[in-house]
């Protein structure tokens with residue numbers, strides 16, 4: 003099955019399923035249930051988007067690297083419009099977790115610019131490798147770029163660098179990152195040339211986030227295949243989605259008004275550089291190019307109005323994910339202001355919610371109509 007939407011949601015939260023090596027979307031299918039279908043049937047998550055990402059991962063795809071899959075996923079996020087979502091939760095089995103972690107590192111500027119919240123639900127993901135991958139490589143006698151990236155070895159510089167880079171990213175994230183790690187309980191059944199061995203041991207699967215959970219009775223294959231809505235891994239995923247999909251804090255008109263008034267007061271006292279410090283970083287390049295242009299606009303537009311005589315609150319307008327602007331929640335606070343040189347005008351200060359719940363000034367507009375957006 004090709005990559006695509008299982009169900010489009012309301013644009014707030016989308017779950018992206020990413021399978022592991024030598025697998026496909028069927029890696030999330032048990033004999034009685036398909037995990038995306040279980041999510042879609044949950045009545046409390048009716049606005050949830052569900053997407054499945056597919057890539058070449060077979061042992062015979064020897065020259066298709068994990069880097070190639072990262073590039074494909076980055077492209078899919080764009081052309082299937084997932085980057086317009088406020089929050090993406092990646093459900094990653096095995097190597098899929100390594101794939102998504104490399105995506106976040108390689109596209110950090112894009113995610114930071116859009117301030118998309120990222121959730122990682124890592125299912126038996128070999129964050130620092132797997133001895134089982136070493137054994138398969140020896141037994142198969144075939145070279146495979148993806149399999150090679152999973153080997154537990156001090157010579158696996160690709161995986162060592164990924165681990166180091168990701169730990170640095172979550173230590174000081176430029177966008178919100180939250181996660182959960184599930185651990186397999188049992189070894190898989192031994193094969194003809196392979197021993198009875200746990201594929202991804204605890205120390206490799208529980209690497210980055212607090213309170214990892216071992217799924218009782220699961221092995222590396224079954225852990226990503228819940229058989230019903232009562233399966234432990236499914237209930238944990240539902241809880242994870244709900245806990246991290248709550249509305250952003252600080253949604254009061256009083257808070258928005260205070261932020262706008264602080265911004266305007268700095269302009270009133272002829273301190274545009276101070277007002278600039280209150281701006282949303284994402285406004286740069288969208289509303290104004292840089293501080294130099296902001297200072298020029300202040301001098302040419304705001305300066306000639308003269309000093310403020312009076313200012314009164316006139317109302318607010320709200321918007322979510324407006325076209326042509328970074329995704330998020332916006333509020334425009336409108337003031338009726340009298341200036342010494344131009345009489346009464348409307349000042350419109352637009353603020354935007356950041357991932358951490360704070361609000362920053364995104365735009366400033368002076369109009370004749372006090373009800374202008």
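Numbering (the numbering used here), first residue to last: 3 to 375.
Just so you know, even glycine gets a beta-carbon here, dropped at the ideal spot from N, CA and C.
Euclidean distance between Cα positions of residue i and residue j
i: residue 136; j: residue 69; result: With a pLDDT of 41 at residue 136, under the threshold of 50, the predicted position of this residue should be treated as unreliable, and no value is reported.
i: residue 209; j: residue 282; result: 33 Å
i: residue 39; j: residue 51; result: 12 Å
i: residue 236; j: residue 262; result: 43 Å
i: residue 264; j: residue 232; result: 51 Å
i: residue 9; j: residue 53; result: 7 Å
i: residue 95; j: residue 18; result: 11 Å
i: residue 5; j: residue 178; result: 25 Å
i: residue 276; j: residue 168; result: 34 Å
i: residue 2; j: residue 107; result: Any property of residue 2 remains undetermined from this structure, which presents the chain solely from 3 to 375.
i: residue 205; j: residue 337; result: 57 Å
i: residue 34; j: residue 41; result: 14 Å
i: residue 113; j: residue 260; result: 28 Å
i: residue 201; j: residue 189; result: 7 Å
i: residue 124; j: residue 102; result: 10 Å
i: residue 145; j: residue 224; result: Unreliable placement is indicated for residue 145, whose pLDDT of 40 sits below 50; no coordinate value is reported for it.
i: residue 295; j: residue 176; result: 25 Å
Exposure label - residue i; buried when at least 16 CB within 10 Å
i: residue 173; result: exposed
i: residue 241; result: exposed
i: residue 165; result: buried
i: residue 314; result: exposed
i: residue 89; result: buried
i: residue 324; result: exposed
i: residue 291; result: exposed
Coil, strand or helix - residue i by DSSP
i: residue 302; result: helix
i: residue 204; result: helix
i: residue 95; result: strand
i: residue 257; result: helix
i: residue 243; result: helix
i: residue 348; result: strand
i: residue 57; result: coil
i: residue 367; result: strand
i: residue 130; result: coil
i: residue 341; result: strand
Contact test: residue i Cβ vs the ligand ADP heavy atom, cutoff 7 Å
i: residue 258; result: Within the structure as shown, the ligand ADP is missing, as the structure has no ligands at all.
Contacts around residue i, its chain only, beta-carbon distance under 6 Å, and the 5 residues preceding and following it disregarded
i: residue 214; result: 183, 185 and 208
i: residue 369; result: 348
DSSP beta-bridge partners of residue i
i: residue 333; result: 320 and 353
i: residue 312; result: 340
Sequence-distant residues of the same chain with beta carbon closer than 8 Å to residue i, five excluded per side
i: residue 343; result: 306, 307 and 308
i: residue 341; result: 307, 308, 309, 310, 311 and 347
Same chain, Cβ closer than 7 Å to residue i, five either side skipped, listed in chain order
i: residue 255; result: 318
i: residue 228; result: 32, 35, 37, 40, 235 and 236
i: residue 78; result: 5 and 55
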